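Notes follow the structure.
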Amino acid sequence: MQIIHRTHALERMFQRKIQSSEVRAVLENGETIEDYPMNTPYPSRLILGWSSNRPIHVVADYAAEADEWIVITVYLPDPTLWSDGYRRRLP
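Printed below as a string of structure tokens:
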């Protein structure tokens with residue numbers, strides 16, 4: 142599996158003190174909580190993972206033919222905007 146980080150994702154990771162190893166762990170072991178199949182050039186998904194009891198959301202495209210993830214953004218979900226263990230957006 143190859144991981145490519147967009148500039149935006151790298152900036153957000155730096156700002157939020159999220160390591161690339163944490164992003165890799167989310168991609169490898171996380172739970173897809175939203176799918177965006179119509180995104181182009183590849184389908185995207187929002188993935189929830191945990192690092193040291195800290196929730197992390199990763200939005201990434203997946204190019205299946207190359208087994209390649211393209212990380213769009215990474216953030217720590219705001220508990221006032223998410224429910225069900227950071228799996229569902231609040232209205």
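If you're matching positions, the sequence shown starts at 142 in the working numbering and goes up one per residue.
Here a beta-carbon is modelled for each residue, glycine too, at the ideal position from N, C-alpha and C.
From a predicted model like this one, the values you see are computed outputs, not experimental measurements.
Beta-bridge partners of residue i, as assigned by DSSP
{"i": "His-146", "result": "Val-212"}
{"i": "Ala-201", "result": "Arg-186, Val-212"}
{"i": "Thr-173", "result": "Ile-188"}
{"i": "Ser-224", "result": "Arg-229"}
Contacts around residue i, its chain only, beta-carbon distance under 6 Å, and the 5 residues preceding and following it disregarded
{"i": "Asn-180", "result": "none"}
{"i": "Asn-194", "result": "none"}
{"i": "Val-167", "result": "Ile-188, Gly-190, Ile-197, Val-199"}
Separation of residue j from residue i, as counted between CA atoms
{"i": "Leu-231", "j": "Glu-209", "result": "31 Å"}
{"i": "Thr-221", "j": "Ala-205", "result": "34 Å"}
{"i": "Glu-175", "j": "Phe-155", "result": "24 Å"}
{"i": "Leu-151", "j": "Gln-143", "result": "16 Å"}
{"i": "Ala-207", "j": "Ser-224", "result": "34 Å"}
Contacting residues, own chain, Cβ-Cβ under 8 Å from residue i (five flanking each side not counted)
{"i": "Glu-163", "result": "Gly-190, Ser-192, Ile-197"}
{"i": "Ile-213", "result": "Arg-147, His-149, Ala-150, Ser-185, Val-200, Ala-201, Asp-202"}
{"i": "Glu-169", "result": "Met-142"}
Exposed unless 16 or more other CB atoms sit within 10 angstroms - verdict on residue i
{"i": "Ala-186", "result": "A small fix is needed here, since residue 186 is Arg in this sequence, not Ala. Looking at its Cβ environment, which holds 16 or more other Cβ atoms inside 10 Å, Arg-186 is buried."}
Contact check, residue i vs residue j, beta carbons under 7 Å
{"i": "Ile-211", "j": "Ile-145", "result": "yes"}
{"i": "Leu-217", "j": "Arg-157", "result": "yes"}
{"i": "Tyr-183", "j": "Tyr-203", "result": "yes"}
{"i": "Val-215", "j": "Arg-153", "result": "yes"}
Close beta carbons around residue i, own chain, < 7 Å, minus the five adjacent residues each side
{"i": "Glu-172", "result": "Ile-188, Leu-189"}
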